[in-house]
Amino acid sequence: MTGLPALLDGVLVVSLVLLGLSAVLVVVRLLRGPSGLDRLVALDVLVAEFLCGLVAYAALTGNSALVPVVVAISLVGFLGSTTVARFVRRGTDR
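The numbering of the sequence shown is the working numbering, which starts it at 265 and goes up by one.
Next up, the structure:
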């Protein structure tokens, strides 16, 4: 751990635990989703939770080398989501 105050360390650890529990629930929705769009939204939420977890871990450890990784993953997630949304939109126009 870094030289952060003990309260901030505790808040970061609690947030990581809650993000992990939420990710488990999102994976359940990803597997049980009734439609493809539900699964897509669950996958987007899972990517966002992963990014939040990386940022919280970087803050906890004081490792700023993870910032470019977070930016790259967020760009790939955004491009993937918009691409799938465009394909779905084209399918509904017919």
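Note that the Cβ used here is the ideal one computed from N, Cα and C, for glycine as well.
Fill in: Inter-residue spacing [alpha-carbon to alpha-carbon] between Leu330 and Leu307
21 Å
Worksheet item: Any chance the region 334–341 sits against the region 314–325, with 3 or more Cβ pairs inside 8 Å?
Response: yes
Discussion item. Given this structure, state the Cα-to-Cα distance separating Val277 from Val333, to the nearest angstrom.
Written reply: In a straight line, the C-alpha of Val277 is about 21 Å away from that of Val333.
Worksheet item: Do you know offhand how far Ser345's Cα is from Ser299's?
Response: Roughly 16 Å between the two C-alpha positions.
Worksheet item: alpha helix (DSSP H) containing Gly317: first to last residue?
Response: In the DSSP assignment, Gly317 falls within the unbroken alpha helix (DSSP H) covering 300–325.
Worksheet item: Do you know how far the Cα of Gly341 is from the Cα of Val288?
Response: 19 Å
Worksheet item: Hey, would you say Val290 sits closer than 8 Å to Leu310, going by beta carbons?
Response: yes
Fill in: Simplified DSSP state of Pro269, which is helix, strand or coil
coil
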